[in-house]
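Everything on this sheet refers to the single structure shown next.
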Amino acid sequence: MSKPMTKTQLVAALAETMGSDKKTASAALDAIAEVVTKEVAAGGAVTLPGIGKVSCKARPERQVRNPATGETMTKAADKQVKVTIAKALKDSVND
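Letter by letter, the sequence shown follows residues 9 to 103 in my numbering.
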């Protein structure tokens, strides 16, 4: 299995694909990350065409078990970020 692409490598590939410089590509990537973060933190969802959908899911209060002690405790309600992968991406990986 290969190593994940770093942000520097992603910015370089994005700049090459856009036909732009690395500074512009980095600014575009940072802007997309900021928009997605704000929207999901507010409880919304963002669809990234061809990649998937990033959303926020509320989880209710629930009983959990400490595996070390076996003690059952109550975990407070919280939110979880969920990523649903687009069919196009799944299909391209499995070809």
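A virtual CB, placed ideally from N, CA and C, is assigned to each residue, including glycine.
Taking the CB atoms as reference points, tell me whether residue i and residue j lie closer together than 7 Å.
i: Q88; j: R70; result: no
i: C64; j: G51; result: yes
i: A33; j: A23; result: yes
i: A96; j: G58; result: yes
i: V44; j: V62; result: yes
According to DSSP, residue i sits in a beta bridge with which residue or residues?
i: T32; result: Paired residues: none, contrary to the question.
i: Q71; result: T82
i: I93; result: G60
For a test of the three-state rule: what should DSSP assign to residue i, helix, strand or coil?
i: D103; result: coil
i: T81; result: Reading the sequence as shown, one finds Met at residue 81 and not Thr. Strand.
i: K11; result: coil
i: I59; result: coil
i: A66; result: strand
i: A53; result: strand
Can you list, in chain order, the residues of its chain whose CB lies under 7 Å from that of residue i, leaving out five sequence neighbours each side?
i: D86; result: R67
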